[in-house]
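Student:
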DNA sequence: GTTTTTAAAAATCTCGAGAAAAAACGTTGA
DNA sequence: TCAACGTTTTTTCTCGAGATTTTTAAAAAC
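As structure tokens, this is what we get:
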């Protein structure tokens, strides 16, 4: 039986330095919206919240620039990266393009172990979806959803494609969460995932990429149709 | 007449902080190969070379992780990102895919100002090529080549596509320079650029992307065919 | 009442020293 | 001769304090 890291690199190696710890905590707070878009990130104030020194926090913020979750303009400090509908549209389009290509390659290259991983990831996701009904256990579902998408393209040999996709996925997750409070669950995501999984297993690249593209675009449309005043209220918060 | 920043963001805003200064100096030294691939980057040693404090240098190194020019493994310091033929192949393929798509969009969206910018960038590149004969003024040509490629896709509306491409271009430049000492000038790059420029001006997206794709791939092939022992010698240096 | 100037306050940026970890080295034992 | 162990050395990581710069606020001038 395949081990749990058959997909490649370790899922989430535990942080060994304070910089890494602060980096993860900050990233989580930005993606989950606890630190609002555009908000100023005062080092002197934040170092107490995260329990590290000023230099350490600065370094963590520098790392977050890689992920485009933090922006800095020299001599004027750090800010949480701003959000906009236009940006999310760009993220969606770029992601569709890259993720469909990666999926196509993954379907071509994937071996038996990949099929197994995919089946397992889908199963875990399904379980999380069942559990989620009623309870507000979003975190676990989010994580398993991420892994499902990751496994789908894991057989793609291009490290760079996967690297860029991980950044875009993070960005998209951020927008999804910001809109979460405005829109409950508008569509049957489970059915989409199932169809996607089956098309991939059947090695039908055309069908799989079509479903995946629509799957990603739907998330954007569900946010796009939110009245602008509500959205801006959220973006400005 | 259009100002010199009609393409969008400022070309190279001068650095205002020491972190930014150290970041650029380090980036340049890595891309140009003065800091060899895989080399250990000892903060205590480097802070003297670049004339900054230890914390400042650490921050600069953290920023270089964004560009994938530096890697770090917790508690074991920083290293120059390693290189490999496989990695360069991946960079090439991914870049062809993204840059052709960006060029297609740019050709569709580009207005008169874009055409003007493109013509100007090509002209400057040509001048640099003429000057370069005999003299070893590679730096200026490199910069103008970069700008030419940047202007080509500048009318593409996707910020993310352009962001990823700027990273890939940097990476490719690094490989190109590493191989520079092994291979002089194997092909007529000027003719390729000219054909590319003309196809773009004629709004022939199919032709332009075909030329661009081949243009990028040729750089890879010219390095690929270098005997492995010579290459590894360079990579290990 | 608006604008400009000036001064105080806040925040950023920078540095060097101390604690923790990893690597190097020599010693000891089989 | 080789391997394992413990000490020394090196390097990384972390923190708090000081120097610039930006921002804020108030006072003066038009």
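Residue numbers (the working numbering), protein chains in the order written: chain V, 1 to 237; chain G, 1001 to 1237. Idealized CB from N, CA, C, for every residue including glycine.
On the DSSP letters alone, give me the boundaries of the beta strand (DSSP E) that residue 240 of chain V sits inside.
Tutor: A question about residue 240 of chain V goes unanswered here, because the residues of chain V that appear run from 1 up to 237.
Student: Nearest-angstrom Cα distance between residue 151 of chain V and residue 194 of chain V?
Tutor: 14 angstroms
Student: Am I right that residue 1222 of chain G and residue 1155 of chain G are in contact with their C-beta atoms under 8 angstroms? What's the rounded C-beta distance?
Tutor: With a Cβ gap of about 29 angstroms, residue 1222 of chain G and residue 1155 of chain G do not count as contacting.
Student: For the region 153-166 of chain V, which residues have a beta carbon sitting closer than 8 angstroms to at least one beta carbon of chain G?
Tutor: 157, 158, 159, 160, 161, 163 and 164
Student: What is the DSSP secondary structure of residue 974 of chain G, counted as helix, strand or coil?
Tutor: What the structure shows of chain G is the stretch from 1001 to 1237, and residue 974 of chain G is not part of that stretch, so it cannot be assessed.
Student: Verify whether the separation of the beta carbon atoms of residue 1128 of chain G and residue 1139 of chain G is less than 7 angstroms.
Tutor: Not in contact: residue 1128 of chain G and residue 1139 of chain G (Cβ atoms no closer than 7 angstroms).
Student: Please decide whether residue 90 of chain V counts as near chain G, where near means a Cβ-Cβ distance under 7 angstroms.
Tutor: The beta-carbon of residue 90 of chain V is placed less than 7 angstroms from the nearest beta-carbon of chain G.
Student: Taking 8 angstroms as the threshold, find out whether the region 40-51 of chain V comes into contact with the region 1039-1059 of chain G through three or more Cβ pairs.
Tutor: Note that the region 40-51 of chain V does not touch the region 1039-1059 of chain G; fewer than 3 beta-carbon pairs, one per stretch, sit closer than 8 angstroms.
Student: What is the residue span of the beta strand (DSSP E) that residue 43 of chain V lies within?
Tutor: Counting along the chain, residue 43 of chain V falls outside any beta strand (DSSP E), though it belongs to the alpha helix (DSSP H) covering 43-49.
Student: From V:16, V:225, V:188 and V:224, pick the residue whose C-alpha is nearest to that of residue 1076 of chain G; which is it?
Tutor: V:16
Student: In terms of alpha-carbon separation, which member of G:1038, G:1143, G:1173 and G:1200 lies closest to residue 1079 of chain G?
Tutor: G:1038
Student: Flag residue 65 of chain V as yes if its beta-carbon sits less than 7 angstroms from any beta-carbon of chain G, otherwise no.
Tutor: yes
Student: When DSSP builds the beta bridges, which residues end up paired with residue 1079 of chain G?
Tutor: G:1040 and G:1071
Student: From residue 42 of chain V to residue 1055 of chain G, what distance separates their C-alpha atoms?
Tutor: Each residue's alpha carbon lies about 18 angstroms from the other.
Student: Quick one: which chain G residues come within Cβ less than 9 angstroms of residue 209 of chain V?
Tutor: Neighbours of residue 209 of chain V on chain G: none; closest Cβ ~14 angstroms, over 9 angstroms.
Student: Roughly how many whole angstroms lie between the Cα atoms of residue 125 of chain V and residue 146 of chain V?
Tutor: 9 angstroms
Student: Exposed or buried, what is residue 171 of chain V when buried is set at 16 or more other beta-carbons lying within 10 Å of its beta-carbon?
Tutor: The C-beta of residue 171 of chain V has 16 or more other C-beta atoms within 10 Å across all chains shown, which makes the residue buried.
Student: Under 8 angstroms: do the region 21-34 of chain V and the region 54-71 of chain V share three or more Cβ pairs, one atom per stretch?
Tutor: yes
Student: Can you give me the C-alpha to C-alpha distance between residue 1153 of chain G and residue 1178 of chain G, rounded to a whole angstrom?
Tutor: 26 angstroms
Student: Specify the secondary structure class of residue 1029 of chain G as computed by DSSP and reduced to three states.
Tutor: helix
Student: Closest Cβ-Cβ distance between residue 1179 of chain G and chain V: below 7 angstroms?
Tutor: False, the Cβ-Cβ gap to chain V never drops below 7 angstroms.
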